[in-house]
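Structure first, then comments.
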Amino acid sequence: MNSRIVEGRLTAFLNLFKISRKFSIGFTIMVIMAILSIIGFFNTPYHLEGWGIVTEETMKRQGLPPCLPFNCPNINHVFGTDDMGRDLFSRILVGAHLALIQTVAIVFISIALGIIMGIAAGYSNMVIEKISTYLIELLIVIPSMVLAAALVTIIGRGIQSVVIALIATWSPWYARLTYILVRQLRELDFIKICEAMGFTKTYTIFRHIIPNVAPIIFVEGITDSGSVLIEIASINFLIGVASLTSIDLPDWGMIVGYGIRYIRTFWWISFFPGLFIALTALGLILLGDGLTEALSPWLRRRWRLWF
Amino acid sequence: MFSLNYIIKRVVSAFIVVLGILVLTYILIYFSPGNPAYTWAGRPRGPRAEEAIKAAESELGLDKPLYLQIYIHINRFFKGDWGISLRFKQPVISVITRNLVASLELLIVAFFIAIPLGIFLGVMSALYRGYLVDKVLYTISALFISFPRFWIAILLSVFLQMLGVNLFGRIAPSYMLVIESVSGSYIIDSIISGKAEIFIDALIRILPPAIIVALYPMSLTVRVLRYSLSEKLYEEYVKQAISFGLPRSRVVYRYALRGMVPAISQLHGITFAYSIVDVATVENIFGRDGIGSTIVKAIPYNDYPLIIGLLALTGILFIVVNTISDIIQIVSDPRVRI
Amino acid sequence: MEAMVLNEIVVRARNLWIGYEEEDRVLWALNGIDIDIPKATAFCIVGESGSGKTTFGNAVAGLLPPYAVTKGCLEVHNITVIDGSRMNYSGIRGNIVVRIPQNPIATLNPYLKIGSIFFDVLSQRFRAYSKAKILEITLNAIKAVDLPDDILNRYPHQLSGGMSQRVAIALTIAINPEIVVADEPTSNLDAYLKGTTLNLLRGIVRSGKTLIVITHDILFASVLCNFIAVMFMGNVVEIGKTEEVLSKPLHPYTKELIDAANLDFKNIRYANNKLKADLNECAYASRCTYYSNRCSEKPKLSYINKSHGVACWNPLKNS
Numbered sequence: 000m001n002s003r004i005v006e007g008r009l010t011a012f013l014n015l016f017k018i019s020r021k022f023s024i025g026f027t028i029m030v031i032m033a034i035l036s037i038i039g040f041f042n043t044p045y046h047l048e049g050w051g052i053v054t055e056e057t058m059k060r061q062g063l064p065p066c067l068p069f070n071c072p073n074i075n076h077v078f079g080t081d082d083m084g085r086d087l088f089s090r091i092l093v094g095a096h097l098a099l100i101q102t103v104a105i106v107f108i109s110i111a112l113g114i115i116m117g118i119a120a121g122y123s124n125m126v127i128e129k130i131s132t133y134l135i136e137l138l139i140v141i142p143s144m145v146l147a148a149a150l151v152t153i154i155g156r157g158i159q160s161v162v163i164a165l166i167a168t169w170s171p172w173y174a175r176l177t178y179i180l181v182r183q184l185r186e187l188d189f190i191k192i193c194e195a196m197g198f199t200k201t202y203t204i205f206r207h208i209i210p211n212v213a214p215i216i217f218v219e220g221i222t223d224s225g226s227v228l229i230e231i232a233s234i235n236f237l238i239g240v241a242s243l244t245s246i247d248l249p250d251w252g253m254i255v256g257y258g259i260r261y262i263r264t265f266w267w268i269s270f271f272p273g274l275f276i277a278l279t280a281l282g283l284i285l286l287g288d289g290l291t292e293a294l295s296p297w298l299r300r301r302w303r304l305w306f
Numbered sequence: 000m001f002s003l004n005y006i007i008k009r010v011v012s013a014f015i016v017v018l019g020i021l022v023l024t025y026i027l028i029y030f031s032p033g034n035p036a037y038t039w040a041g042r043p044r045g046p047r048a049e050e051a052i053k054a055a056e057s058e059l060g061l062d063k064p065l066y067l068q069i070y071i072h073i074n075r076f077f078k079g080d081w082g083i084s085l086r087f088k089q090p091v092i093s094v095i096t097r098n099l100v101a102s103l104e105l106l107i108v109a110f111f112i113a114i115p116l117g118i119f120l121g122v123m124s125a126l127y128r129g130y131l132v133d134k135v136l137y138t139i140s141a142l143f144i145s146f147p148r149f150w151i152a153i154l155l156s157v158f159l160q161m162l163g164v165n166l167f168g169r170i171a172p173s174y175m176l177v178i179e180s181v182s183g184s185y186i187i188d189s190i191i192s193g194k195a196e197i198f199i200d201a202l203i204r205i206l207p208p209a210i211i212v213a214l215y216p217m218s219l220t221v222r223v224l225r226y227s228l229s230e231k232l233y234e235e236y237v238k239q240a241i242s243f244g245l246p247r248s249r250v251v252y253r254y255a256l257r258g259m260v261p262a263i264s265q266l267h268g269i270t271f272a273y274s275i276v277d278v279a280t281v282e283n284i285f286g287r288d289g290i291g292s293t294i295v296k297a298i299p300y301n302d303y304p305l306i307i308g309l310l311a312l313t314g315i316l317f318i319v320v321n322t323i324s325d326i327i328q329i330v331s332d333p334r335v336r337i
Numbered sequence: 000m001e002a003m004v005l006n007e008i009v010v011r012a013r014n015l016w017i018g019y020e021e022e023d024r025v026l027w028a029l030n031g032i033d034i035d036i037p038k039a040t041a042f043c044i045v046g047e048s049g050s051g052k053t054t055f056g057n058a059v060a061g062l063l064p065p066y067a068v069t070k071g072c073l074e075v076h077n078i079t080v081i082d083g084s085r086m087n088y089s090g091i092r093g094n095i096v097v098r099i100p101q102n103p104i105a106t107l108n109p110y111l112k113i114g115s116i117f118f119d120v121l122s123q124r125f126r127a128y129s130k131a132k133i134l135e136i137t138l139n140a141i142k143a144v145d146l147p148d149d150i151l152n153r154y155p156h157q158l159s160g161g162m163s164q165r166v167a168i169a170l171t172i173a174i175n176p177e178i179v180v181a182d183e184p185t186s187n188l189d190a191y192l193k194g195t196t197l198n199l200l201r202g203i204v205r206s207g208k209t210l211i212v213i214t215h216d217i218l219f220a221s222v223l224c225n226f227i228a229v230m231f232m233g234n235v236v237e238i239g240k241t242e243e244v245l246s247k248p249l250h251p252y253t254k255e256l257i258d259a260a261n262l263d264f265k266n267i268r269y270a271n272n273k274l275k276a277d278l279n280e281c282a283y284a285s286r287c288t289y290y291s292n293r294c295s296e297k298p299k300l301s302y303i304n305k306s307h308g309v310a311c312w313n314p315l316k317n318s
């Protein structure tokens, strides 16, 4: 019985590849990125002490030529080296898991907070509903970039500032979507019957509302994750531009941002991390599009102009 | 007659949200780790640090109770006294307004490019779904959405440099002294003073960054229309218009698209907020003044008053944009009008 | 096949197949039907939901969705509109055929005033006419359906159901087409509005137009129309003059419909139509009381006299 369910899910999942080429491409890109990030997490071609600085000792041990700053891409350094002589390819590899973890964390936490806020605004008592509605409206207008800058000045230049800022600005969107869905659900008979039968609101929320709302929000979240990744990278780019000293944290956006001061001569510092951001975001967007396409058959229909 | 009642309600709630933003900015000051005055003074070090923190303390009124502090903060905000920028040594309000106008100029030009082009291409994409036109448009819009705009901007700026075209800055340095600043936007200023060559120069310089900023809202419009216009074409009244034999352009633009005005207006209310990040990054690459360069200059100096002022003002800008987009949604639908 | 030869034929379907593309197959809504609709008559197509009658109406009015698949041939007003898999309705829509919708209030553009809807439609129909001339036609049409003039300044949501039905008919009158397709014109109306709609539709027939009424209401059809075609699961099972069909039904399904309309449910059996009907057997076989072995083969429409045809191996014997 159980194995049959698993098997059914597996065929449904494999069918996705058959139905949508976008999904297959996006999935392939994301799998490659995930593998790269795992590799980067454990090991890199130029073993990193701290965040990408190659010590004399490791170089001797590995028998590698010394790292010079601003090496253009060559056999030893596929993507070249940066101003401190760090191997860019290694830095990008290490940055992969940072980018993926940031994106996933922001999307998931925002969805969770958004569902909580949305249900509070749409299905609780009067006072909480009013307060939550205003809270959503307030959070929705906060500019993520400026909030991130404020947090950077307060708690420093780490990924946490950007993650907090983006959670604060993305969760209200999911809250608003949840709110709209909950409002629609409330009008339906099965929720009204639950109320009439005297079930508690908590029971109704967990048994009926969340199971109906969550899948929709999650598909939306997957579609949004590409935009989230770009937003993270853009804000980190600004932090990178603002940085006066070379950055240790191998965040892709920061490397690009820091590199633009050398763009006229040493283009590779900004080019390659940017390429990886672009590829990852493309993978996420194709994944989301493929899912949407698989879920709405009419989007795949042959279509000819009939008027 | 529009539904005035709704509009008044919307404006009042927008005002409440403005107050909320101001309270929030104060909370960000008050609960900053360590001493708020220390943060407000920009984490000063050295012999004069003590003095600066004292000054910040009295400026924020930290000896008073919290609600009074918030009141003072809001009051000062409406009086236009937002503190002194540590980096620019000027009043925050003048720094921000100067730069915000520059960013808005770029943003508005970008949206003037993005909306008509996006609607046109989106209609093409929806009508010819599955054909080559649609496949090309889908690919392009997916690439433009997923490629970071700052990266595209870097590529473009390098490319322009290779061509030997210098489009850095908002205006050629030699014109900077000639033109008198009225609105802060060089395009408007040059029209006011009637200097055609400055106008052309400012316009040419704004085009490359504006096109790059326009990529995101444009591509999003294409995708949204591709997805939902075909749904709209099945709507009964559009079907009936088809059965009356109306020409295709009329069916699409006057019937199907007319029903999508609220959705498009809402979409651009959202993308406006998202695009400000693109504006900030692209500005830095093209060497333009604006909020992006302001933030970049403020971060290393811990210029907290400037960032807080920016947070409040951009927040208010978004509130205004959201309110306008909501009102357009209401006004464009005769069923809700009274 | 011997066809009815009465008048000039305006709609001629020959072995017409129309289906809708699904995931990986085609759902056929019309299974090779032959219909001839004579000029200046009220022709009614009755059948239950899913019988393909709306598909036929849409095919005549040129409103098939883009994922429709066609076979066979359909001629409207001597112009071939469906030829194999090709469709071409240019010049037909809004000039020769107009559809009166099922739910009129939803078919008026909610963002335009009634006046501009009229102007849009009529300036397409009469390209050479001046604005004043178009306004004149509009006002005449409005008067013909007893609506006040100030309706032109209203939005569709300000109209009642009956008014919007009359606006839809006024639009039809103003366009002055050859063929009018009325898709379930009375399904949402109460008895009184049904009567007024009936009168307006009769007026259209009287002015020499061909009216194709698509309905499930055989009583309404019998009052309005002079020809009836009964459809079942994408096939025409019986066709003929109204009085002949109603008084001497030949097909068991027609009998069932008439009994149901007379609230006579003695002989009704529960429907268990096969969803994926075998195209080679009689579609009604699974429900038929007179089932015989021959019914596993699909019957052809055969005419017992000049105008009355039936597709059944064991037609009912009427005394």
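Residue numbers (numbering that gives the first Met the number 0), protein chains in the order written: chain A, 0 to 306; chain B, 0 to 337; chain C, 0 to 318.
The C-beta atom is built at its ideal place from N, Cα and C for all residues, glycine as well.
Is there a Cβ of chain A sitting closer than 7 Å to that of residue i, yes or no?
i                     : result
residue 295 (chain B) : yes
residue 211 (chain B) : no
residue 81 (chain B)  : no
residue 255 (chain B) : no
residue 233 (chain B) : no
residue 303 (chain B) : yes
Does residue i get closer than 7 Å to chain B when you measure Cβ to Cβ?
i                     : result
residue 18 (chain A)  : no
residue 392 (chain A) : Summary: the structure shown does not reach residue 392 (chain A), with chain A confined to residues 0 through 306, and so no result is reported for it.
residue 144 (chain A) : yes
residue 109 (chain A) : no
residue 52 (chain C)  : no
residue 120 (chain C) : yes
Return the residue from the list the options that minimises the CA-CA distance to residue i.
i                     : options                   : result
residue 28 (chain B)  : B:301, B:329, B:332       : B:301
residue 227 (chain B) : B:148, B:71, B:258, B:291 : B:258
residue 91 (chain C)  : C:100, C:58, C:113, C:66  : C:58
residue 150 (chain B) : A:192, A:277, A:138       : A:277
residue 23 (chain B)  : B:312, B:324, B:328       : B:312
residue 54 (chain B)  : B:83, B:64, B:77, B:101   : B:83
residue 276 (chain B) : B:187, B:72, B:213        : B:213
residue 45 (chain C)  : C:54, C:209, C:7, C:175   : C:54
I'd like to know if residue i contacts chain C, where contact means its C-beta is closer than 7 Å to some C-beta of that chain.
i                     : result
residue 244 (chain B) : yes
residue 238 (chain B) : yes
residue 0 (chain B)   : Interpretation of residue 0 (chain B) is limited by its pLDDT of 49, a score under 50 that renders its predicted location unreliable; no figure is taken from the coordinates.
residue 282 (chain B) : no
residue 333 (chain B) : yes
residue 125 (chain B) : no
Following the continuous beta strand (DSSP E) through residue i, name the residue where it begins and the one where it ends.
i                    : result
residue 30 (chain C) : 25–37
residue 13 (chain C) : 8–20
Buried or exposed: where does residue i fall if 16 or more other Cβ atoms within 10 Å of its Cβ makes it buried?
i                    : result
residue 10 (chain B) : exposed
residue 27 (chain C) : buried
Between which two residues does the alpha helix (DSSP H) harbouring residue i extend?
i                     : result
residue 200 (chain B) : 195–232
residue 242 (chain C) : 241–246
residue 97 (chain A)  : 87–121
residue 222 (chain C) : 217–223
residue 291 (chain A) : 267–294
Tell me the start and end of each unbroken alpha helix (DSSP H) in the segment 132–215 of chain A that is at least 4 residues and wholly inside, in chain order.
143–154, 158–185, 188–195, 200–203
Suppose only complete runs of 3+ residues qualify. What are the beta strand (DSSP E) ranges in the segment 36–95 of chain C, listed by chain order?
41–45, 67–75, 78–82
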